[in-house]
Amino acid sequence: MTANSLFPRRSARQWALAALAALALVAAPASAATAAALSPLSTSDGAGVLATAHKSPFSCGKTFYANNWSGGHSPNGSIDWQTYGSDAINGETVRATAGGTATFDDEGGTSYGKWVQIVHGDGTRTRYAHLATMVRNPGQTMSVSQGTVIGTVGSTGGSSAPHLHYEQRNSSGVVDTSPTVDGVTVSVGQKKAVTSTNGCGSSNPYTPVEVCGSGFVVIDQAALGSVGRTYLLYNSGTGSNCVVTLKSTNLGTPSAVAAFLEPQGASRTTDSGNFAYYAGPVKRSAPGTCVKWGGSVGSTSYTSPFEHCG
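Residue numbers (my numbering): 22 to 331.
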């Protein structure tokens with residue numbers, strides 16, 4: 022969890038260069054793990070478009086330009102999300118626009134760079150490319166809900182400026198040339214400012230397992246009044262503990278939150294600061310060792326005794 026980086030606004034000429042760089046995108050990335058799931062870069066002007074309702078790939082209230090380039094963008098119909106006003110897009114949190122199964126990949130300095138594909142329940146799919154970071158390693162998969170964080174905006178792969186390359190495809194892999202997000206349709210040749218309603222609900226879009234990662238299960242938890250909850254998770258395969266504190270109030274707004282973990286006989290590790298959704302993950306390997314754990318949201322805190330010693 023890091024604060025969004027500030028980045029200068031790009032000129033029209035620079036974004037034109039970014040569009041030319043996007044020509045380097047290829048239909049089938051090199052990774053054999055995902056190649057079978059990818060289809061040719063064909064497009065559609067109406068037939069077989071996505072039936073799933075999608076929200077913006079950004080946090081609640083965030084406004085960015087959705088630019089559906091006219092000519093020279095590969096594949097035709099994909100959107101480049103760009104800076105709007107004074108809110109630079111570089112480093113922005115990227116969220117799933119609809120629920121499904123996410124697959125993570127990395128094409129290095131070519132094509133999509135770091136990218137994610139989500140296959141939705143109706144077989145349709147979305148792609149999110151040129152990411153700076155991803156929440157899973159290349160080759161891993163993850164079940165996501167609408168609003169689940171999958172990475173941050175960057176400029177990896179065939180990109181010359183930070184932006185989010187986004188595609189909506191039908192179940193046959195055909196790109197929708199007039200994708201709709203948050204009720205706004207952006208057809209080829211159009212550029213529209215879209216304000217996100219993704220994650221605007223009252224519940225935290227993260228789960229403890231999503232934060233700690235694959236293999237961890239919740240073994241204990243403690244409520245922090247009405248403002249949050251802190252969790253202890255354990256991975257029996259590695260002997261690692263993980264603590265995360267999730268907020269229940271002021272979601273999306275940085276505020277004081279902390280998580281800590283202390284194996285008996287060892288020093289305490291703490292993650293604390295002003296975070297939008299959670300503190301952690303704090304991970305320590307401590308097989309067969311008692312641990313003290315806990316966290317806080319604002320002035321409300323919890324500290325366990327030494328426990329869970331097995």
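Just so you know, even glycine gets a beta-carbon here, dropped at the ideal spot from N, CA and C.
With 8 angstroms as the threshold, decide whether the Cβ of residue i is near any Cβ in chain C.
i: G331; result: Checking the listed chains, one finds no chain C in this structure; it contains a single protein chain.
Leaving aside the five residues before and after residue i along the sequence, list all residues of the same chain whose C-beta is less than 7 angstroms from its C-beta, in chain order.
i: A51; result: Below a pLDDT of 50, predicted positions are generally treated as unreliable, and A51, at 37, falls in that range; the measurement from the model is reported next regardless. Cβ neighbours of A51 beyond the five flanking positions: E128.
i: V165; result: A117, G120, G121, A123, I139, I171
i: Q211; result: N89
i: G168; result: R116, A117, N219, G220, P226
i: I100; result: A87, N88, N89, Y187, P200, V207
i: D241; result: L253, H329
i: L183; result: Residue identity check: residue 183 is Pro in the sequence provided, not Leu. These residues qualify, in order along the chain: F28, I110, N111, V174, G175, S176.
State the start and end residues of the unbroken beta strand (DSSP E) segment that holds residue i.
i: V165; result: 162-165
i: P96; result: Looking at the DSSP string, P96 is not in any beta strand (DSSP E), and its letter there is neither H nor E.
i: E188; result: 185-190
i: R157; result: Counting along the chain, R157 falls outside any beta strand (DSSP E), and DSSP gives it neither H nor E.
i: G322; result: The sequence shown places Ser at residue 322, not Gly. Counting along the chain, the beta strand (DSSP E) containing S322 begins and ends at 321-324.
i: A123; result: 121-127
i: T114; result: 114-116
i: A139; result: Strictly speaking, residue 139 in this sequence is Ile, with Ala absent from that position. Element bounds for I139: 135-140.
i: T173; result: 170-174
Who are the near neighbours of residue i in its chain, counting only those whose CB is closer than 8 angstroms to its CB and skipping five residues on each side?
i: V209; result: N89, W90, S91, N97, G98, T198, S199
i: C311; result: P284, Q285, F327, E328, H329, C330
i: G260; result: S306, A307, P308, G309
i: V205; result: A87, K213, V215
i: Y105; result: T84, F85, Y86, A214
i: T154; result: K135, G172, T173, G175
i: V230; result: F237, V238, V239, L254
i: S80; result: E113, T114, R116, S217, N219, G220, G273, A297
Below 8 angstroms between beta carbons: does that hold for residue i and residue j?
i: P284; j: R305; result: yes
i: V137; j: T122; result: no
i: T114; j: T173; result: yes
i: G178; j: G144; result: no
i: V202; j: K76; result: yes
i: V265; j: Y299; result: yes
i: W102; j: Y187; result: yes
i: F237; j: N256; result: yes
i: G82; j: S176; result: no
i: G220; j: T321; result: no
i: H151; j: T73; result: no
i: A243; j: T274; result: no
i: C233; j: L267; result: no
i: S276; j: G319; result: yes
Would DSSP call residue i helix, strand or coil?
i: A74; result: coil
i: K83; result: coil
i: T10; result: Nothing about residue 10 can be read from this structure; the chain reaches only from 22 to 331.
i: G331; result: coil
i: G178; result: coil
i: S317; result: strand
i: A109; result: coil
i: N89; result: coil
i: S63; result: Because S63 carries a pLDDT of 35, less than 50, the predicted location of this residue cannot be relied on, and the following value inherits that uncertainty. Three-state DSSP puts S63 in coil, outside helix and strand.
Using a Cβ-Cβ cut-off of 6 angstroms (strictly less than) and excluding sequence neighbours within five positions of residue i, which residues of its own chain qualify?
i: S317; result: A279
i: S269; result: V248, G249
i: Q189; result: L71, T147, D197, P200
i: S325; result: K313, W314, G315
i: D292; result: A280, A300, G301, V303
- Length-filtered (3 minimum) beta strand (DSSP E) runs lying within the stretch 224-311: Runs of the beta strand (DSSP E) inside the stretch 224-311: 238-245, 249-256, 261-268, 276-284, 290-296, 299-306.
- Item | Entirely enclosed beta strand (DSSP E) segments - the stretch 193-219, minimum 3 residues | The qualifying runs are 212-216.
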